[in-house]
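To start, the structure under review is shown below, and the notes come after it.
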Amino acid sequence: MSTTTATSPPTWDDLGNESQPQNIPASMLTSVERFVRRFSVLPDAAYLTAAIWTIATHTAKSFDCFPYLALFSPAKRCGKTRLLEVLDQLVSNPWRGTAPSPAALYRMLSQGPTLLLDEVEMFSRKDKSEATQTLLAVLNAGHRKGATIPRCDGPKHTLKYFPVYGPKAFAVIGRLPDTLTDRSIVVTLQRRAPEQKIERFLTSRAAADAKPIRDSVATFVKQNQASITQAYTRLMANDLAFLEDRDADLWMPLFSVCSVAAPERMTDLKRSAVLLSAAKAGDDANESLPLKLLTDIRAVWPEGRDRCDTATLIELLKQLEESPWGEYELTPRKLARLLRPFEVAARVMRVSDALRVRGYDRTELFPVIERYVGLESVTCVTSQ
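So for the sequence shown, the numbering used here puts the first residue at 200; every next one is plus one.
Here it is in structure tokens:
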């Protein structure tokens, strides 16, 4: 009688430790990373990330979803456009530009390009045009494999489903709408300091230098497609437990490629993923006023107390340095309104036999804080 031994799924650390396929260009990933460094100044965690994202665009169809790359900056001349120009030389089937019309975008995406969109601040405006809203709807759908947009096409207005899945990168001053940010690996660029030297970008020379690198990437992907798919399947079973669920989905294609192309860099990529995801989470918490409130309540809640009356909580919030709550003129009514979507409400609390006040209970408030912003402070990593 035969017996079967149960086996557990591989751990994250197992990836990259198996025998590797042959014909992998040992210096391919290093070449891509060096090319990016020649012309761009990024946060330390972003160089490897950008390089592997670039390689992964050549095999995006291998994955159930593909992360967008969002390049944020606080002002002009921080290098966003330059980085798009650099990526344009290396990614699969690039299209770089600004604000294509919806009709052009449908047809363009059906050809499977890597979309490199610059100056997309229009997506964050409150008074979006109908065309901008349509573009945003297309991009919101396009990070999942199989996503389509139905449109009437041709003189007979025939219903046609346009595929919209594929790699996309965005450059923007400020931020993107939350829907796009949630689908993105976010890199925040800063204006480079005088001592941070980079090469002058000349398109013709850069294109000549990039061609053998891009050809090497294409050859690698063609020869190792099956290994990348197998790595992705293992990751899907194992998950990236050190990241939140949505971020884990976004980073899986990059870890799959890295585990085949450069398994010795998996730990470096893990560090980059944790840092960039933490920075993104911190920015999200600061951007949304209700999430900012939860973050600040976490910071000021009186230690060891299960309850805090409303007046005391508001006073503590207003005392925070760089806090918006004084300028916002936070009142009990405004505080209640901001917490209402989280289903948290003030309760009547007994202070003494003769005095009762309204306030908040830690047992109701802190599970919400943990769910939305976490119980630990997040350190942002946005520059070198």
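We treat Cβ as the ideally placed atom computed from N, Cα and C, and that holds for glycine.
Note that the structure is predicted; figures quoted are calculated from it, not measured.
Discussion item. Nearest by alpha-carbon distance to Ala444: which of Ser300, Trp294, Arg570 is it?
Written reply: Within the sequence shown, the letter at position 245 stands for residue 444. The sequence given here has Asp at residue 444, not Ala. Minimum Cα distance to Asp444 is reached at Arg570.
Item to complete: Rank Cys277, Pro489, Ala544 by C-alpha distance to the C-alpha of Arg506 and give the top, closest one.
Response: Working through the sequence shown from its first residue, we reach residue 506 at position 307. The residue with the shortest Cα to Cα distance from Arg506 is Ala544.
Worksheet item: By Cβ distance below 8 angstroms, which residues in the same chain neighbour Tyr431 in space, the five residues on each side in sequence not counted?
Response: By one-based count along the sequence shown, residue 431 stands at place 232. Answer for Tyr431: Ser261, Phe262, Met451, Pro452, Ser455, listed in chain order.
Worksheet item: In terms of DSSP beta bridges, what is Lys367 paired with?
Response: To locate residue 367, count along the sequence shown from 1; it is residue 168. In the DSSP output, where bridge partners are listed per residue, Lys367 has Leu314.
Discussion item. Going by C-alpha to C-alpha distance, which of Pro540, Phe541, Glu542, Arg557 sits closest to Met548?
Written reply: In the sequence shown, counting from the first residue as 1, residue 548 sits at position 349. The shortest Cα separation from Met548 among Pro540, Phe541, Glu542, Arg557 belongs to Arg557.
Fill in: Assigned exposure category for Leu564 - 16 Cβ within 10 Å defines buried
Locating residue 564 in the sequence shown gives position 365, where the first residue counts as 1. Answer is buried; the Cβ neighbour count reaches 16.
Item to complete: Would you list the one or two residues that DSSP bridges to Ser230?
Response: Residue mapping note: residue 230 aligns to position 31 of the sequence shown, counting from 1. According to DSSP, Ser230 bridges with nothing at all.
Fill in: Assigned secondary structure, Pro349 (DSSP; H/G/I helix, E/B strand, else coil)
Here the question's residue 349 lines up with position 150 in the sequence shown. Three-state result, Pro349: strand.
Item to complete: Leaving out five residues on either side along the sequence, give the residues of the same chain with a beta carbon under 6 angstroms from the beta carbon of Cys264.
Response: Here residue 264 refers to the residue found at position 65 of the sequence shown. Within the same chain, Cys264 has close Cβ partners His342, Arg343, Asp448.
Discussion item. Give me the residue from Tyr246, Arg237, Ala340 with the minimum Cα distance to Arg470.
Written reply: On the sequence shown, position 271 is the one that residue 470 refers to. Of the candidates Tyr246, Arg237, Ala340, the one whose C-alpha sits nearest the C-alpha of Arg470 is Tyr246.
Discussion item. Given this structure, state the Cα-to-Cα distance separating Val363 from Pro301, to the nearest angstrom.
Written reply: Counting from 1 along the sequence shown, the entry for residue 363 is found at position 164. Counting from 1 along the sequence shown, the entry for residue 301 is found at position 102. Going by the C-alpha atoms only, they are around 11 angstroms apart.
Worksheet item: Is Ala184 buried or exposed, if buried means 16 or more other CB atoms sit within 10 Å of its CB?
Response: Beyond the ends of the chain as shown, which are 200 and 583, falls residue 184; an answer cannot be given.
Worksheet item: Can we say the stretch 246 to 259 touches the stretch 280 to 300, given the rule of at least three CB pairs closer than 8 angstroms?
Response: yes
Worksheet entry | Span of the beta strand (DSSP E), counted from its first residue to its last, around Trp294 | Taking the first residue of the sequence shown as 1, we reach residue 294 at position 95. Per DSSP, Trp294 belongs to the beta strand (DSSP E) from 293 to 296.
Item to complete: Under the assumption that Leu475 contacts Val386 (Cβ atoms under 8 angstroms), give the Cβ distance between them as a whole number of angstroms.
Response: Taking the sequence shown and counting its residues from 1, the one referred to as residue 475 is at position 276. Taking the sequence shown and counting its residues from 1, the one referred to as residue 386 is at position 187. The Cβ separation is near 7 angstroms, so the contact holds.
Item to complete: Could you tell me the distance, in whole angstroms, from the CA atom of Asn339 to the CA atom of Thr248?
Response: Residue 339 sits at position 140 when you count from the first residue of the sequence shown. Residue 248 sits at position 49 when you count from the first residue of the sequence shown. Approximately 22 angstroms between the Cα atoms of the pair.
Discussion item. Along the chain, where does the alpha helix (DSSP H) containing Ser455 start, and where does it finish?
Written reply: As a first step, residue 455 is located in the sequence shown; it is residue number 256 there, counting from the start. Its alpha helix (DSSP H) spans residues 444 to 460.
Worksheet entry | Residues bridged to Phe271 [DSSP beta-bridge criterion] | Sequence index remark: in the sequence shown, residue 271 carries index 72 (1-based). Answer is Val371, Thr387.
Worksheet item: Tyr559 lies in the beta strand (DSSP E); which residues open and close that run?
Response: In the sequence shown, residue 559 corresponds to position 360, counting from 1. First-last of the beta strand (DSSP E) with Tyr559: 555 to 560.
Practice prompt. Jot down the residue ranges of each uninterrupted alpha helix (DSSP H) in the stretch 396 to 423, minimum 4 residues, whole runs only, in chain order.
Written response: 402 to 422
Worksheet item: Which value, in whole angstroms, describes the spacing of the CA atoms of Pro531 and Val319?
Response: What you label residue 531 is simply residue 332 of the sequence shown in a count that begins at 1. What you label residue 319 is simply residue 120 of the sequence shown in a count that begins at 1. If I take the Cα positions, the gap works out to 38 angstroms.
Discussion item. Just verifying my parser: in three-state terms, what is the DSSP assignment at Thr248?
Written reply: Counting from one through the sequence shown, the residue named residue 248 turns up at place 49. Looking at Thr248 - three-state DSSP - the assignment turns out to be helix.
Fill in: Closest Cα partner of Phe441 within the set Ser415, Trp500, Val473
On the sequence shown, position 242 is the one that residue 441 refers to. Measuring from the Cα of Phe441, the nearest candidate turns out to be Val473.
Worksheet item: In chain order, what residues of the same chain lie with their CB nearer than 8 angstroms to the CB of Leu493, ignoring the 5 residues before and after it?
Response: To locate residue 493, count along the sequence shown from 1; it is residue 294. Counting only Cβ-Cβ distances below 8 angstroms, and skipping sequence neighbours, we find Ala484, Phe541, Val567, Ile568, Tyr571, Val572.
Practice prompt. Measure the alpha-carbon distance for Thr331 versus Val337 and round it to whole angstroms.
Written response: As a first step, residue 331 is located in the sequence shown; it is residue number 132 there, counting from the start. As a first step, residue 337 is located in the sequence shown; it is residue number 138 there, counting from the start. One C-alpha to the other measures close to 10 angstroms.
Item to complete: For Lys421, count neighbouring Cβ atoms within 10 angstroms of its own Cβ and tell me buried if that reaches 16, exposed if not.
Response: For the purposes of this step, residue 421 is identified with residue 222 of the sequence shown, where counting begins at 1. With fewer than 16 other Cβ atoms within 10 Å, it is exposed.
Discussion item. Whole angstroms are fine: how far does the CA of Gly353 sit from the CA of Phe361?
Written reply: The residue you call residue 361 lines up with position 162 of the sequence shown. The residue you call residue 353 lines up with position 154 of the sequence shown. Rounded to whole angstroms, Phe361 to Gly353 spans 13 angstroms at the Cα level.
Discussion item. Buried or exposed, going by whether 16 or more other CB atoms sit within 10 Å of the CB of Arg413?
Written reply: Translated into positions along the sequence shown, residue 413 becomes position 214. Buried, because 16 or more other Cβ atoms sit within 10 Å of the Cβ of Arg413.
Worksheet entry | Residue environment, Glu526, which counts as buried when at least 16 other CB atoms sit within 10 Å | For the purposes of this step, residue 526 is taken as residue 327 along the sequence shown, with counting starting at 1. The residue in question, Glu526, is exposed, as its Cβ has fewer than 16 Cβ neighbours within 10 Å.
Item to complete: Would you kindly work out how many angstroms separate the C-alpha atoms of Leu538 and Leu554, rounded to a whole number?
Response: Sequence index remark: in the sequence shown, residue 538 carries index 339 (1-based). Sequence index remark: in the sequence shown, residue 554 carries index 355 (1-based). Taking the straight line joining both Cα atoms gives about 25 angstroms.
Worksheet item: Does the beta-carbon of Ile384 have 16 or more other beta-carbons within 10 angstroms, so that it is buried, or is it exposed?
Response: Within the sequence shown, residue 384 is the residue found at index 185, counting from 1. Classification for Ile384: buried.
Discussion item. With a threshold of 7 angstroms on Cβ separation, who are the neighbours of Pro312 within its own chain once the five nearest residues in sequence on each side are excluded?
Written reply: To locate residue 312, count along the sequence shown from 1; it is residue 113. Same-chain partners within the cutoff: Asn292, Pro293, Trp294, Gly365.
Worksheet item: Alpha carbon to alpha carbon, what distance is there between Lys533 and Glu514?
Response: Position 315 of the sequence shown, counted from the start, is the residue given in the question as residue 514. Position 334 of the sequence shown, counted from the start, is the residue given in the question as residue 533. About 14 angstroms.
Item to complete: Go to Leu529, then tell me how far its alpha helix (DSSP H) extends in each direction, as first and last residue.
Response: Residue 529 sits at position 330 when you count from the first residue of the sequence shown. Per DSSP, Leu529 belongs to no alpha helix (DSSP H) and is neither H nor E.
Practice prompt. For the alpha helix (DSSP H) holding Arg281, just list the boundary residues, first then last.
Written response: Taking the sequence shown and counting its residues from 1, one reaches residue 281 at position 82. Note, Arg281: alpha helix (DSSP H), 279 to 287.
Discussion item. Just to confirm before moving on: does the CB-CB distance between Phe238 and Arg281 stay below 9 angstroms?
Written reply: Looking up residue 238 in the sequence shown gives position 39. Looking up residue 281 in the sequence shown gives position 82. Yes, these two residues count as a Cβ contact at 9 angstroms.
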